[in-house]
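Protein chains: 2
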Amino acid sequence: MKNAGIISIGNELLSGQVVNTNSTYISQFLKRYGISVNFIITVGDDKSSIIQAIDACRIHADLIYITGGLGPTHDDITKTIIAEYFNSKLVFHEDILDDIRDMFRRRGKEMSDSNISQAMIPDKAEIIHNPVGTAQGMKFKQEDKTFYVMPGVPFEMERIMTDSISKDMEQLSETRINTLTIHTTGMPESELYSKIEDWISDQKQIGISILPHFTHVDLVLYSDVPDSFSILSVAKRELNEKLGEIVYGYDDETLEMAVANILIEKKMTIAVSESCTGGLITDRLTNVSGSSAYFMMGVVTYSNESKVQILNVDPVTLKRHGAVSPETAKEMALGVRKLSGCDVGLSSTGIAGPFGGSNEKPVGLVHVGLSMNNYLESFEFRFLRDRIMNKQLFSQMALNQLRLTLFRRSI
Amino acid sequence: MKNAGIISIGNELLSGQVVNTNSTYISQFLKRYGISVNFIITVGDDKSSIIQAIDACRIHADLIYITGGLGPTHDDITKTIIAEYFNSKLVFHEDILDDIRDMFRRRGKEMSDSNISQAMIPDKAEIIHNPVGTAQGMKFKQEDKTFYVMPGVPFEMERIMTDSISKDMEQLSETRINTLTIHTTGMPESELYSKIEDWISDQKQIGISILPHFTHVDLVLYSDVPDSFSILSVAKRELNEKLGEIVYGYDDETLEMAVANILIEKKMTIAVSESCTGGLITDRLTNVSGSSAYFMMGVVTYSNESKVQILNVDPVTLKRHGAVSPETAKEMALGVRKLSGCDVGLSSTGIAGPFGGSNEKPVGLVHVGLSMNNYLESFEFRFLRDRIMNKQLFSQMALNQLRLTLFRRSI
Numbered sequence: 016m017k018n019a020g021i022i023s024i025g026n027e028l029l030s031g032q033v034v035n036t037n038s039t040y041i042s043q044f045l046k047r048y049g050i051s052v053n054f055i056i057t058v059g060d061d062k063s064s065i066i067q068a069i070d071a072c073r074i075h076a077d078l079i080y081i082t083g084g085l086g087p088t089h090d091d092i093t094k095t096i097i098a099e100y101f102n103s104k105l106v107f108h109e110d111i112l113d114d115i116r117d118m119f120r121r122r123g124k125e126m127s128d129s130n131i132s133q134a135m136i137p138d139k140a141e142i143i144h145n146p147v148g149t150a151q152g153m154k155f156k157q158e159d160k161t162f163y164v165m166p167g168v169p170f171e172m173e174r175i176m177t178d179s180i181s182k183d184m185e186q187l188s189e190t191r192i193n194t195l196t197i198h199t200t201g202m203p204e205s206e207l208y209s210k211i212e213d214w215i216s217d218q219k220q221i222g223i224s225i226l227p228h229f230t231h232v233d234l235v236l237y238s239d240v241p242d243s244f245s246i247l248s249v250a251k252r253e254l255n256e257k258l259g260e261i262v263y264g265y266d267d268e269t270l271e272m273a274v275a276n277i278l279i280e281k282k283m284t285i286a287v288s289e290s291c292t293g294g295l296i297t298d299r300l301t302n303v304s305g306s307s308a309y310f311m312m313g314v315v316t317y318s319n320e321s322k323v324q325i326l327n328v329d330p331v332t333l334k335r336h337g338a339v340s341p342e343t344a345k346e347m348a349l350g351v352r353k354l355s356g357c358d359v360g361l362s363s364t365g366i367a368g369p370f371g372g373s374n375e376k377p378v379g380l381v382h383v384g385l386s387m388n389n390y391l392e393s394f395e396f397r398f399l400r401d402r403i404m405n406k407q408l409f410s411q412m413a414l415n416q417l418r419l420t421l422f423r424r425s426i
Numbered sequence: 016m017k018n019a020g021i022i023s024i025g026n027e028l029l030s031g032q033v034v035n036t037n038s039t040y041i042s043q044f045l046k047r048y049g050i051s052v053n054f055i056i057t058v059g060d061d062k063s064s065i066i067q068a069i070d071a072c073r074i075h076a077d078l079i080y081i082t083g084g085l086g087p088t089h090d091d092i093t094k095t096i097i098a099e100y101f102n103s104k105l106v107f108h109e110d111i112l113d114d115i116r117d118m119f120r121r122r123g124k125e126m127s128d129s130n131i132s133q134a135m136i137p138d139k140a141e142i143i144h145n146p147v148g149t150a151q152g153m154k155f156k157q158e159d160k161t162f163y164v165m166p167g168v169p170f171e172m173e174r175i176m177t178d179s180i181s182k183d184m185e186q187l188s189e190t191r192i193n194t195l196t197i198h199t200t201g202m203p204e205s206e207l208y209s210k211i212e213d214w215i216s217d218q219k220q221i222g223i224s225i226l227p228h229f230t231h232v233d234l235v236l237y238s239d240v241p242d243s244f245s246i247l248s249v250a251k252r253e254l255n256e257k258l259g260e261i262v263y264g265y266d267d268e269t270l271e272m273a274v275a276n277i278l279i280e281k282k283m284t285i286a287v288s289e290s291c292t293g294g295l296i297t298d299r300l301t302n303v304s305g306s307s308a309y310f311m312m313g314v315v316t317y318s319n320e321s322k323v324q325i326l327n328v329d330p331v332t333l334k335r336h337g338a339v340s341p342e343t344a345k346e347m348a349l350g351v352r353k354l355s356g357c358d359v360g361l362s363s364t365g366i367a368g369p370f371g372g373s374n375e376k377p378v379g380l381v382h383v384g385l386s387m388n389n390y391l392e393s394f395e396f397r398f399l400r401d402r403i404m405n406k407q408l409f410s411q412m413a414l415n416q417l418r419l420t421l422f423r424r425s426i
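These protein sequence lines are chains H and P, in that order. For any residue, its number in the numbering used here is found by taking its place in the first sequence, counting from 1, and adding 15. For any residue, its number in the numbering used here is found by taking its place in the second sequence, counting from 1, and adding 15.
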């Protein structure tokens, strides 16, 4: 099986200005072809570092994927260094410049002269066409090693991988590693591990990783034995039995997709009223393609006045219990359900922080309200994170509570 | 000046299941102390790879930051390998186990036995207390090299860095590198570069990076000369003159913060009505702490009925021009402004995709509506990305159009 190495080039990656999502994409991409990445080396726009990284990769990998530093500006030096590394001259390609000029024209823009350098390509490179940008991809072969050089702009790199490099990968692919990711939410990593520790040590043909995220914990199972597909199916069933309702989805399935599937299956529609989550719950619900089938309306009632005016929350409730209270959460959920005529009303009210907390109602407190037919309930959760993370956690709890309630009740 | 290297350990990073944000955080953290990261090596939970990475780091860096693989589960092997690497024995610490037990108790949970291994620490390590998790940080010194070993859970690693490792860094810090990031939106990288190419080549004491993101382009300036602060101030003024209104903020300032600052300065309130962006505009506006001072209400009117019912959009407009039209965008903006009694009404209606497009109204089309006093206008933008990216771009255009209009008009 071929081994891969990734070299990510860019000062912005070392200074922490940009998160290296390109290497993540490339890893995921290669996994589909049974090619595993052994290491990722990130270096700056610096000649000796780039050369050291390529030298290291030659030793430990057969396939080397290099991204970054191919742009038209002064700090893009990768192409010159790579050309030198492979004893190659830069040659001007008229047709590439025409393509670039065309690309600007279609966007209604003039091409600036800085793009002329983008049409200079090392003569020993096989050009890999970039349909969405000015920096061409390049392929170099040396002995039994193959080097792919791509721009660092994620969108452009991804198109070059899917349009062109995928063809090379298909030919190389031997073993397919099958993987299955099981997503859970609502149980800490160590407790989850205790529940399945014995099961894990019994497994002979499956590798298992436990990945804690701040809103959820993933279990990743992988296997490369010939009948791995059916072995993973059995594992999935066994783990589902052990873990129960904390499992919300598999592989690319998000919590909002899991909620969507239940709503569609039950032919129910939903409306949402948010305070502290500020629109994040509806944003997540509408990230699902086709969400207009069940999601009708959301309101973000940030001020007390809007809670009364739009959602018909009782001013006495607000005065007696406060905006952050089980009572207000319930009235908000009921209010948006009545306003919209939907089957389900979901609400959030809490304190995301960093200000506005008290001893009794600290930052990180949220009440989630849920209204369906004659059912009206509220749920309390507490967290200790920053504003953005608290909003994420609040929205996670709201969507998960909705999932659990719909799942448990046969409405 | 000390050089740093980062080793990120975890199969999940090589398989693409998790994005390596830890190395980004550490890089940003060290930059404040004038310590620059030379390289980042990412390897799997694999003994020989981990040892090779540490060996490589010893050669090229003085400070080595290692994260990942310290959890309580079977795939966490870093501690054992590190102990062996430093000829160190694992020793049980009663007080650490007590701390861990306490931590579970405060969260209202029982500690599972798998946590006992978390109280085993290599005897040559200096323990770095982890106040928010079970995996302790560790520090090893060998010759003039220092190794920091931390858990891979971002929240825990960050607390160990800020609470403890920061003290070491303060002592090491010699030169302070000053940096300034200038955020722009609405102009492609190559066009922006053409505007400032001559200016860049004139700079002797400032380094400049151009970082294209899919919603915006950043300019990063850095300098380590003694009066770098005033030099960067001059550069900031000069670039502002050259780039004009495409500059929306500096350093940690987001577009939504820039909008917030203008609204606060002008003492204006805002309400938002969204269709295709599904709550993302209000989510972004409420990510700003203190947003309740100017943000009153948001509505996500996904269905045509809710546009009519809540926002008083004319059914004839919907029928004649469609939901995705300049006319509907304007009526939505006006509607939410009237409903809320706010000074500004902002709206979005478009097609995020992947379905629902036509030749006339393709996926990626959005109309942004803006209503203020007697002003009522709509703005059209087109993109070619996927659903999630289109939503991001749509929200960026809406917030930026709001910023530009408020900036240009003296209302």
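We treat Cβ as the ideally placed atom computed from N, Cα and C, and that holds for glycine.
Original post:
DSSP on P/Arg400, reduced to helix/strand/coil?
Top reply: Look at P/Arg400 here: in three-state DSSP terms it is coil, with no helix or strand label.
Original post:
Of all the residues that make up the segment 50–82 of chain P, which are near chain H by a beta-carbon distance shorter than 9 Å?
Top reply: Ser51, Val52, Asn53, Phe54, Ile55, Ile56, Thr57, Val58, Gly59, Asp60, Asp61, Ser64, Gln67, Ala68, Ala71, His75
Original post:
Interface residues of chain P around H/Tyr40 at Cβ under 9 Å?
Top reply: Neighbourhood of H/Tyr40 in chain P, by CB distance below 9 Å: Gly31, in chain order.
Original post:
Checking contacts by CB at 8 Å: is P/Met184 closer than that to chain H?
Top reply: no
**OP:** Please report the Cβ distance between H/Asp138 and H/Ser103, rounded to the nearest whole angstrom; I am assuming they are in contact, meaning their Cβ atoms lie under 8 Å.
**Re:** 5 Å
**OP:** Check whether the segment 119–129 of chain H touches the segment 72–84 of chain H, taking contact to mean three or more Cβ pairs, one atom from each stretch, closer than 8 Å.
**Re:** no
Subject >> Residues of its chain near P/Thr88, where Cβ-Cβ distance is below 8 Å and the 5 sequence neighbours each way are ignored >> reply: Excluding sequence neighbours, P/Thr88 sits near Ser129.
Original post:
Roughly how many angstroms lie between the CA atoms of P/Leu29 and P/Arg174, to the nearest whole one?
Top reply: So the two alpha carbons sit approximately 25 Å from each other.
Original post:
Do you know whose CA, among H/Met135, H/Asp114, H/Leu270, lies nearest H/His108's CA?
Top reply: H/Met135
Original post:
Going by alpha carbons, who is nearest to H/Glu185 out of H/Arg47, H/Ala344, H/Ser63, H/Ala76?
Top reply: H/Arg47
Original post:
Taking the C-alpha atoms as reference points, what is the distance between P/Asn415 and P/Thr292?
Top reply: 14 Å
Subject >> chain P residues whose Cβ lies nearer than 9 Å to that of H/His382 >> reply: Under the 9 Å cutoff, chain P gives no residues; its nearest Cβ is about 17 Å from H/His382.
Subject >> Separation of H/Asp298 from H/Pro166, as counted between CA atoms >> reply: 31 Å
**OP:** Please confirm if P/Ser321 has its CB atom under 8 Å from at least one CB of chain H.
**Re:** yes
Original post:
Between the segment 404–422 of chain H and the segment 365–384 of chain H, are three or more C-beta pairs nearer than 8 Å?
Top reply: yes
Original post:
H/Ile131 by DSSP, collapsed to three states: which one?
Top reply: helix
Original post:
Taking 8 Å as the CB-CB cut-off, is H/Phe162 touching chain P?
Top reply: No, because no Cβ of chain P sits closer than 8 Å to the Cβ of H/Phe162.
Original post:
How far does the alpha helix (DSSP H) with P/Leu187 in it reach, from first residue to last?
Top reply: 181–187
Original post:
Residues of chain H with CB under 7 Å from P/Met135, in chain order?
Top reply: Here the premise fails: no neighbours, minimum Cβ distance about 15 Å.
Original post:
For the beta strand (DSSP E) that contains P/Gly384, what are its first and last residues?
Top reply: 380–387
**OP:** Answer with buried or exposed for P/Lys182, where buried requires no fewer than 16 other C-beta atoms within 10 angstroms of its C-beta.
**Re:** exposed
**OP:** May I ask which residues mark the beginning and end of the beta strand (DSSP E) holding H/Thr364?
**Re:** 359–365
Original post:
Using the rule of at least 16 other Cβ atoms within 10 Å of the residue's Cβ for burial, across every protein chain shown, is H/Leu361 buried or exposed?
Top reply: buried
**OP:** Run the CB neighbour count on H/Ala413, radius 10 Å, all protein chains shown included, and call it buried at 16 or more, exposed below.
**Re:** buried
**OP:** Label P/Leu399 either buried or exposed according to how many other C-beta atoms from any shown protein chain fall within 10 Å of its C-beta, with 16 as the threshold for buried.
**Re:** exposed
Original post:
Nearest to H/Leu112 by CA position, among H/Val331, H/Ser132, H/Leu333, is which residue?
Top reply: H/Ser132
Original post:
In whole angstroms, what is the alpha-carbon distance linking P/Phe119 and P/Phe409?
Top reply: 43 Å
**OP:** Determine whether the Cβ of H/Lys46 lies closer than 8 Å to any Cβ atom of chain P.
**Re:** yes
Subject >> Contact belief for H/Ser235 with H/Leu226 at Cβ below 8 Å, rounded distance in angstroms >> reply: The residue asked about is misnamed: residue 235 of chain H is Val in this sequence, not Ser. With 8 Å as the limit, H/Val235 and H/Leu226 qualify as a contact, their Cβ atoms being about 6 Å apart.
Original post:
Between the C-alpha atoms of P/Lys353 and P/Gly384, what's the straight-line distance to the nearest angstrom?
Top reply: 14 Å
Subject >> Residue range of the unbroken beta strand (DSSP E) whose run includes P/Ser23 >> reply: Residue range 18–24 is occupied by the beta strand (DSSP E) that includes P/Ser23.
Original post:
With DSSP run on the structure shown, which of helix, strand or coil describes H/His198?
Top reply: Here H/His198 sits in strand by DSSP.
Subject >> Status (buried if at least 16 other CB within 10 Å, exposed otherwise) for H/Gly365 >> reply: buried
Original post:
Since P/Thr93 sits in a beta bridge, which residues does DSSP pair it with?
Top reply: In DSSP, P/Thr93 forms no bridge with anything.
Original post:
With a cut-off of 8 Å, does the C-beta of H/Thr297 fall near any C-beta of chain P?
Top reply: yes
**OP:** Mark P/Asp266 as exposed unless 16 or more other C-beta atoms lie within 10 angstroms of its C-beta, in which case mark it buried.
**Re:** exposed
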